[in-house]
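Residue numbers (the numbering used here), protein chains in the order written: chain A, 903 to 1061; chain B, 11 to 407.
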Amino acid sequence: MDELLKLLKKNALETPENLSKMLDIPIDEVKTRIAEYEKSGIIRGYRAVVNHDQLDIRQVTAVIEVKVTPEREGGFNHIADRISKFDEVESLYLMSGTFDLLLFVSGRDLKDVAFFVAEKLATIPGVLSTATHFMLRTYKDHGVMMEPEEGYERLKVSP
Amino acid sequence: MSDSKSVRNYVASHVRDMPPSGIRDFFEIVSTMKDVISLGIGEPDFVTPWHVREAAIYSLERGMTSYTSNLGLLKLRQAIAEYLHRTYNVFYRPENEILITVGVSEALDLALRAILEPGDEVIYHEPCYVSYNPIITFAHGKPVAIQTTQETGFRLNRAMVEEKLTDRTKAIMLNFPNNPTGAALDLDDLREIGELAVERDLIVITDDIYGELTYDGRHTAISSLPGLRDRTIYLHGFSKAWAMTGFRLGFAAGPAQLVGAMMKIHQYTMLCAPITSQEAALEALKQPESDIEEMKAEYKQRRNFIYRSFEDMGVPCVKPKGAFYAFPRIDKFGLTSKEFALKLLDEENVAVVPGSAFGACGEGHVRCSYATGMEELKEAMTRIQRFIQRRVPAEVG
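Following this line, the structure appears as structure tokens:
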């Protein structure tokens, strides 16, 4: 991956001016390349990494393993596309192994997610079975530790 | 203490006459202050890679708490030999040409004590790491400094060394990439200095601790050049490239005669390097490229950032080629390097190290370490800019 993308993945708020200094390239080039990434869809968006455990809101996240029957034409794509259109579905992956699709689903509470699974997901033609796992606590998300280790202070001046 | 005058001074004169490190008193001032952004740190801000720490923990769990061979664990020496051969194209026999030490600091001391007769001269270049001059003196040698300057990018060449040669010259000490300047040597200069060492039958002691942290091009170990291997004591360690300073693990590689002599001192003074650190180092050598590349890429971005920032401020600075230091020139503000550092600390809470701590020719400069997180580095540069904007350069004003 090119260095500019790596830096943006780490901190999307980094200013073009600083990026230009860090990569030793002109500021205009930084801006043009970011615009190109956005236009071509390589960069699909920017968002904050939030520690939901710290917020006083009602929300549960479930990971759901789904077994499906692939279709003769289109394989898994058609059914995956259909499932991913639900607002409840945050992420959806095609997997190797004992099941086919892996979903990350959010709802206000357990009942909310159960309703989605029973009424919407399981009833889609081609869905053979589901296994739902509720998340209890987030330790790390998108490479970010939710509760950083307590810093260890180095000497302030050393040779 | 009324009779203090009658108390004999028991301290040996060569120790008594040695001034304490210039970094030391500055450290005392900084350590009393709160919320300081420090660019004064000579060690990586990264924590040792987790798989290396985990290997150290595992070795403790297995009860590996004993001495090792004086030379160090054979499997570690084998791994080092393999790494040096692969990375720098120079081969050392693990059996008798590699010695594991407590950091490069110990290895440097051993090297000097192993080769110097009282009064032998050792040529080294300044600005340099704070210990070079003192440890030559402690080994009863005579330190002979070459002054390198900003004008020549703090580089060293054959003519500069030649000028300092006498018939008492025993060795030349090199440290590139350099602490505190970030300078590296061109291959041609390295080759010519090497040729001179061969012609004049000098020992080369090279402190290659920052070798991996070379940002433009590749580092060459002088011992890989023709005729140099058997007169070079090559020193390296895990502190910088692997972010393992606290493990205190280094090594010396060289011809069996010299490594054997160093080993003799090491076995009677240190016995061996700590086994936990040796086990950690063994793990560190299992995937050095991926560990180092990630940190190096980040250092390089910070190097670019700090260099461009000084350039934009109009503060002259040689573009660092390696290590993690920038050494900007600040004499135009009409302050000594110590005054500059103290005022910057006082007014903006940013710590840099006065260049004079690294030798007389470091005066007029300050050392800024970029082994500091990017966010802190950005804030530090903003504060430095504010600081110098309040000062009309002496040459203009």
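All residues carry an ideal CB built from backbone N, CA and C; glycine is no exception.
No experiment lies behind these values; they were computed from the predicted model shown.
**Asked** Count the other CB atoms within 10 Å of the CB of Lys310(B); is the residue buried (16 or more) or exposed (fewer)?
**Response** Locating residue 310(B) in the second sequence gives position 300, counting from the first residue. With 16 or more Cβ atoms within 10 Å of its Cβ, Lys310(B) is classed as buried.
**Request:** Show which residues of chain A have a CB atom less than 9 Å away from the CB atom of Leu51(B).
**Result:** As a working mapping, residue 51(B) is identified with position 41 in the second sequence. In the sequence on display, residue 51(B) carries Ile and not Leu. What Ile51(B) touches in chain A: Arg1056, Leu1057, Lys1058, Val1059 and Ser1060.
**Item:** Under 8 Å between C-beta atoms of Arg87(B) and Ile67(B)
**Value:** As a first step, residue 87(B) must be located in the second sequence, where it is residue number 77. As a first step, residue 67(B) must be located in the second sequence, where it is residue number 57. No, these two residues do not count as a Cβ contact at 8 Å.
**Request:** Could you tell me which residues DSSP puts in a beta bridge with Ser379(B)?
**Result:** Counting from 1 along the second sequence, the entry for residue 379(B) is found at position 369. Per DSSP, Tyr335(B).
**Asked** What in chain B is Cβ-close to Leu925(A), meaning under 8 Å?
**Response** As a first step, residue 925(A) is located in the first sequence; it is residue number 23 there, counting from the start. Within chain B, the residues near Leu925(A) are Gln311 and Asn314.
**Prompt:** Is DSSP giving Gln157(B) helix, strand or coil here?
**Reply:** Along the second sequence, one-based indexing puts residue 157(B) at 147. In the structure shown, the three-state DSSP call for Gln157(B) is strand.
**Item:** Length of the line joining the Cα atoms of Arg393(B) and Gly383(B)
**Value:** The sequence position of residue 393(B) within the second sequence is 383, counting from 1. The sequence position of residue 383(B) within the second sequence is 373, counting from 1. Going by C-alpha positions, Arg393(B) is about 15 Å away from Gly383(B).
**Message:** Looking only at its chain, what residues have a beta carbon closer than 7 Å to the beta carbon of Ser287(B), apart from the 5 residues adjacent to it on each side?
**Reply:** By one-based count along the second sequence, residue 287(B) stands at place 277. Closer than 7 Å at the Cβ level, and outside the excluded window around Ser287(B), lie Phe257, Arg258 and Leu259.
**Request:** List the residues that DSSP assigns as beta-bridge partners of Pro8(B).
**Result:** The question about residue 8(B) has no answer, for chain B in this structure spans 11 to 407.
**Message:** I need the DSSP call for Val21(B), collapsed to helix, strand or coil.
**Reply:** In the second sequence, the residue the question calls residue 21(B) occupies position 11. The answer is coil: DSSP assigns Val21(B) none of H, G, I, E or B.
**Message:** Can you tell me whether Thr216(B) is helix, strand or coil according to DSSP?
**Reply:** Your numbering for residue 216(B) matches position 206 in the second sequence. In the structure shown, Thr216(B) adopts extended strand secondary structure according to DSSP, grouped into three states.
**Request:** Return the residue from the list Asp226(B), Asp217(B) and Pro190(B) that minimises the CA-CA distance to Ser366(B).
**Result:** Locating residue 366(B) in the second sequence gives position 356, where the first residue counts as 1. It is Pro190(B).
**Prompt:** Taking C-beta to C-beta, are Leu245(B) and Ile215(B) nearer than 8 Å?
**Reply:** Within the second sequence, residue 245(B) is the residue found at index 235, counting from 1. Within the second sequence, residue 215(B) is the residue found at index 205, counting from 1. Going by C-beta atoms, Leu245(B) is nearer than 8 Å to Ile215(B).
**Request:** State buried or exposed for Met11(B), treating a residue as buried only when at least 16 other CB atoms are found within 10 Å of its CB.
**Result:** Here residue 11(B) refers to the residue found at position 1 when the second sequence is read from its first residue. Because Met11(B) carries a pLDDT of 49, less than 50, the predicted location of this residue cannot be relied on, and no value is offered for it.
**Prompt:** chain B beta carbons: is any one of them nearer than 8 Å to that of Asn920(A)?
**Reply:** Within the first sequence, the letter at position 18 stands for residue 920(A). With its beta carbon less than 8 Å from one in chain B, Asn920(A) belongs to the interface.
**Request:** Give me the Cβ distance between Phe368(B) and Glu136(B), rounded to the nearest whole Å; I'm assuming they're in contact under 8 Å.
**Result:** As a first step, residue 368(B) is located in the second sequence; it is residue number 358 there, counting from the start. As a first step, residue 136(B) is located in the second sequence; it is residue number 126 there, counting from the start. Sure, about 7 Å apart at Cβ, within 8 Å.
**Message:** Quick check on Asp1043(A): does DSSP put it in helix, strand or coil?
**Reply:** Taking the first residue of the first sequence as position 1, residue 1043(A) is located at position 141. Looking at Asp1043(A) - three-state DSSP - the assignment turns out to be strand.
**Asked** Under 8 Å, do Val968(A) and Thr1025(A) count as touching if we go by C-beta distance?
**Response** Your numbering for residue 968(A) matches position 66 in the first sequence. Your numbering for residue 1025(A) matches position 123 in the first sequence. No, these two residues do not count as a Cβ contact at 8 Å.
**Asked** Do the region 146-166 of chain B and the region 287-302 of chain B touch if we need at least three Cβ pairs shorter than 8 Å?
**Response** No, the region 146-166 of chain B does not touch the region 287-302 of chain B.
**Item:** Extent of the continuous beta strand (DSSP E) run through Thr963(A)
**Value:** Counted from its first residue, the first sequence places residue 963(A) at position 61. Under the DSSP assignment, Thr963(A) falls in the beta strand (DSSP E) whose first and last residues are Val962 to Val970.
**Message:** Starting from Tyr93(B), trace the alpha helix (DSSP H) in both directions and tell me its first and last residue.
**Reply:** Mapped onto the second sequence, residue 93(B) falls at position 83. If you look at Tyr93(B), you'll find it in the alpha helix (DSSP H) that goes Leu84 to Tyr98.
**Prompt:** With 8 Å set as the bound, which would you pick, yes or no: does the beta-carbon of Phe261(B) sit closer than that to a beta-carbon of chain A?
**Reply:** Indexing the second sequence from 1 puts residue 261(B) at position 251. It does not; no Cβ of chain A falls within 8 Å.
**Prompt:** Between the region 16-37 of chain B and chain C, which residues of the former have CB atoms less than 8 Å from a CB of the latter, in chain order?
**Reply:** Chain labels in this structure do not include chain C; the protein chains are A and B.
**Message:** Quick check: Gly163(B) and Val328(B), are their CB atoms within less than 8 Å of each other?
**Reply:** The residue you call residue 163(B) lines up with position 153 of the second sequence. The residue you call residue 328(B) lines up with position 318 of the second sequence. Annotated as proximal: Gly163(B) and Val328(B), with beta-carbon spacing under 8 Å.
**Residues bridged to Glu131(B) [DSSP beta-bridge criterion]** = Numbered from its first residue, the second sequence carries residue 131(B) at position 121. DSSP, once it has assigned bridges, lists Lys152(B) and Thr179(B) as partnering Glu131(B).
**Prompt:** Looking at C-alpha atoms only, which residue of Tyr278(B), Glu222(B) and Asn19(B) is the closest neighbour of Trp252(B)?
**Reply:** Walking along the second sequence from the start, residue 252(B) turns up at place 242. Ranking the options by Cα distance to Trp252(B), first place goes to Glu222(B).
**Item:** Cβ neighbour criterion (16 or more within 10 Å) applied to Leu957(A)
**Value:** Position 55 of the first sequence, counted from the start, is the residue given in the question as residue 957(A). Burial check for Leu957(A): the Cβ neighbour count within 10 Å stays below 16, so the residue is exposed.
**Message:** Going by DSSP, what residue range makes up the alpha helix (DSSP H) through Gly204(B)?
**Reply:** Within the second sequence, the letter at position 194 stands for residue 204(B). From DSSP, the alpha helix (DSSP H) with Gly204(B) extends over Leu197 to Glu209.
**Request:** Work out the CA separation of Asn979(A) and Arg318(B) for me, nearest whole Å.
**Result:** Mapped onto the second sequence, residue 318(B) falls at position 308. Mapped onto the first sequence, residue 979(A) falls at position 77. Answer to the nearest angstrom: the Cα atoms are 49 Å apart.
**Distance CB(Thr1040(A))-CB(Asn953(A)) smaller than 8 Å** = Sequence index remark: in the first sequence, residue 1040(A) carries index 138 (1-based). Sequence index remark: in the first sequence, residue 953(A) carries index 51 (1-based). Taking 8 Å as the cut-off, the beta carbon of Thr1040(A) is found closer than this to the beta carbon of Asn953(A).
**Message:** Looking only at its chain, what residues have a beta carbon closer than 6 Å to the beta carbon of His95(B), apart from the 5 residues adjacent to it on each side?
**Reply:** Residue numbering aside, residue 95(B) sits at position 85 when the second sequence is read from its first letter. The residues are Phe101.
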